[in-house]
Structure formats: structure tokens, C-alpha cells
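Numbering (my numbering), first residue to last: 22 to 193.
Glycine is no exception: its CB is placed at the ideal position from the N, C-alpha and C atoms.
Scroll down for the structure; my scribbles are underneath it.
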């Protein structure tokens with residue numbers, strides 16, 4: 022063809038240098054993967070989407086702190102076995118397999134026992150926010166907020182008492 026670089030380098034070194042422009046793929050093509058096993062189909066707004074028959078903890082499918090470079094799961098979701106090519110937010114097209122599966126691995130019933138929702142940043146130890154708070158106790162910012170609330174409640178009660186005293190003094 023005509024639409025290519027004429028000189029792709031010297032005789033020696035006898036290989037094409039990386040900096041020589043060559044014909045190749047621009048952009049991404051449609052990718053098709055077959056035989057992905059579906060572990061779970063989740064619905065939008067389900068607070069117990071990561072609970073299983075063996076782990077009855079009420080927890081959403083999103084791990085603590087969200088997924089890397091994705092965030093919170095706010096829509097319906099599919100949990101697949103294995104990996105999926107492409108970046109995290111790429112749209113997938115799924116279709117029914119053309120072959121009928123007869124192998125034992127393909128026909129085995131999936132029974133999830135546990136879904137890990139610990140933080141994926143660092144060393145995630147806790148599955149839920151409540152579990153983390155129960156272990157760590159009140160944090161400094163929470164204690165300060167509680168103290169401020171208690172002060173406002175105390176001032177509100179004192180104000181009501183003053184009003185009652187004033188009313189009593191006016192009545193008599």
C-alpha cells in the first residue's frame with residue numbers, strides 16, 4: 022500500500038526502531054468474551070446486597086471507601102467470576118452463550134458464602150461502618166460534636182426553666 026512510511030530505518034541495526042511510525046490500531050475495538058459465570062445480580066438501592074445465607078450482616082455491595090477509581094455502586098449490578106477487560110467504567114455488552122454447556126464446572130450451582138466489603142485502600146479490617154465504630158469507639162470529632170449538642174440541650178433546658186420562673190413570678 023501507499024499509506025505508510027517509506028523508510029523504516031537503517032540497514033543496521035537490523036530491526037525497526039520503536040520511534041518509526043507503523044500501521045496499527047487507533048482506539049479500541051469491540052471485545053467479546055465468552056462463558057462468564059454470573060455470581061450475583063443486584064438491584065438498585067438494596068442495603069443488603071452483600072449479605073449471603075451464611076453472612077447475615079446488612080451491608081451494601083460497595084466496599085468501605087468505594088471502589089478504586091469508580092466510587093459507590095448506585096445502580097443495578099452484576100457480579101462476575103474472573104476479570105473483565107478495559108477500564109472500570111467501560112460499558113459491557115452481554116449476550117447469551119451460543120453453546121449449551123455440559124461440563125461439571127459450567128453446571129455447578131453457585132453458593133456464595135461471603136462477600137468482602139472491607140476497604141480496598143490499605144489494610145481493610147472492617148466490613149461495615151458500624152463494625153469499625155464499635156471497635157474504635159467514639160472518635161475525637163464525634164466526641165466534640167456530642168459535647169456541642171449536649172451544651173445546646175443544657176442551654177435550651179435552662180432557657181425553659183427561666184421562662185417558667187418568669188411566668189410564676191408574673192402570676193403571683
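Beta-carbon proximity of residue i to residue j, cut-off 9 angstroms
| i | j | result |
| --- | --- | --- |
| residue 115 | residue 61 | no |
| residue 69 | residue 80 | yes |
Beta-carbon contacts of residue i that lie in its chain and below 7 angstroms, excluding the five residues immediately before and after
| i | result |
| --- | --- |
| residue 133 | 60, 61 and 73 |
| residue 153 | 147 |
8 angstroms CB neighbourhood of residue i in its chain, flanking five on each side removed
| i | result |
| --- | --- |
| residue 139 | 84, 85, 145, 146, 147 and 148 |
| residue 54 | 105 and 106 |
| residue 142 | 86 and 89 |
| residue 37 | 29, 30 and 43 |
| residue 150 | 85 |
Range covered by the beta strand (DSSP E) that runs through residue i
| i | result |
| --- | --- |
| residue 98 | 98 to 101 |
| residue 60 | 59 to 63 |
Cβ-based neighbour list, residue i, same chain, cut-off 6 angstroms, excluding 5 preceding and 5 following
| i | result |
| --- | --- |
| residue 76 | 135 |
| residue 26 | 42 |
Cβ distance (whole Å) where residue i is taken to contact residue j below 8 angstroms
| i | j | result |
| --- | --- | --- |
| residue 94 | residue 82 | 5 angstroms |
| residue 101 | residue 57 | 5 angstroms |
Give the list of continuous alpha helix (DSSP H) stretches no shorter than 4 residues that lie fully inside the region 105 to 184. 125 to 128 and 150 to 157
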